[in-house]
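Quick note: the sequence shown uses the working numbering, first residue 90, plus one each step.
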Amino acid sequence: MLIFKDLISGDELASDSYPYKYVDDIAIEIEGKMITVSNAIDDRMIGGNASAEEAGEGTDDGTESKINVVYSHQLVETQFDKKSYLAYLKGYLKRIEKKLEENNPDRVEAFKTGAQKFVKERVLANFSNWQFFTGEKMDPDAMVVLMDYREDGMTPYFVLFKDGLIEEKCHTRLASLEWNTRSSLPCSAATNNNNNNNNNNNRL
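Written out as structure tokens, the structure is:
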């Protein structure tokens, strides 16, 4: 299983446990979904000792809906208008170009051309639709993840620049999306738990 980490900040932004596809050789589009997260607190966690009757009834402090990608990777929503986003993006793309010049110079021109086209046609053309998220560290130099909804108005999807990501194999730690927790789990456990929803390559 692969974790998609921010090239600049090192934050985990997503993983290939979600359905995803590459777009125009410049971005990765990752599909999310709404999950229900319980806020219930077990009395045993705070020293309580419920009777048999109480234990059967359980407690419920309520639930709330979350977007799985945001919740599991602790993304932080931020705000931009078009002017401030373009100012940020100009600097960000320059930083990625510099990384490519150092590590993959043959990719630089394709990235510059592809990013410019993608931003113009996919991002700016529908700017009012996007929501913006940073990684957990909220590094101002790192990637801002874009989120919009499918035509059904209910299914969220995320757009990340692929050249701004590091793909890292997961060995022992992965947020379990289906179990609605950020607990540390073996990758195999999380993978088996997600098999009903994902193909082998987790592609759309």
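C-beta: ideal position from N, C-alpha, C; glycine also. Quick caveat, the model's predicted, so the values are computed rather than measured.
- Closest by C-alpha distance to Lys206, out of Glu101, Glu153, Asp100, Ala116, is Ala116.
- Distance between Asp230 and Arg184, taken at the CA atoms: about 8 Å.
- Taking 3 residues as the minimum length, the beta strand (DSSP E) runs contained wholly in the stretch 94–123 are 101–104, 109–112, 116–120, in order along the chain.
- DSSP places Thr152 in the strand class (E or B) of the three-state scheme.
- CA-CA distance, Tyr174 to Tyr181, rounds to 10 Å.
- The Cβ neighbour count for Asp252, taken over all protein chains shown within 10 Å, is at least 16; the residue is labelled buried.
- A distance below 6 Å between beta-carbons, with the five flanking residues on each side excluded, links Leu235 to the following residues of its chain, in chain order: Trp219, Val248.
- Bounds of the alpha helix (DSSP H) holding Leu175 are 171–192.
- Short of 8 Å from the beta carbon of Ala199, and not among the five residues preceding or following it, lie these beta carbons of its own chain, in chain order: Asp114.
- CA-CA distance, Lys172 to Asp95, rounds to 24 Å.
- The distance from the Cβ of Asp100 to that of Glu186 is about 20 Å, inconsistent with a contact at the 8 Å cut-off.
- When DSSP reads this structure, Val234 sits in a beta bridge with Phe222.
- Residue burial is scored here from C-beta neighbours: Ala103 has at least 16 other C-beta atoms within 10 angstroms and is therefore classed as buried.
- The residue from Asn157, Leu91, Gln168 with its alpha-carbon nearest to that of Met227 is Gln168.
- Counting only the Cα atoms, Ala204 lies some 10 Å from Val197.
- Residue burial is scored here from C-beta neighbours: Ser106 has at least 16 other C-beta atoms within 10 angstroms and is therefore classed as buried.
- Taken through DSSP and simplified to helix, strand or coil, Thr202 comes out as helix.
- Inclusion of Val233 and Tyr177 in the CB contact set at 8 Å is warranted, their separation being smaller than that value.
- Taken through DSSP and simplified to helix, strand or coil, Leu213 comes out as helix.
- Shown here for Asn215: same chain residues with a beta carbon closer than 8 Å to its own, the five before and five after excluded, namely Asp237 in chain order.
- A check of alpha carbon separations from Ile124 across Gly151, Asn157, Pro245, Ile97 identifies Asn157 as the nearest.
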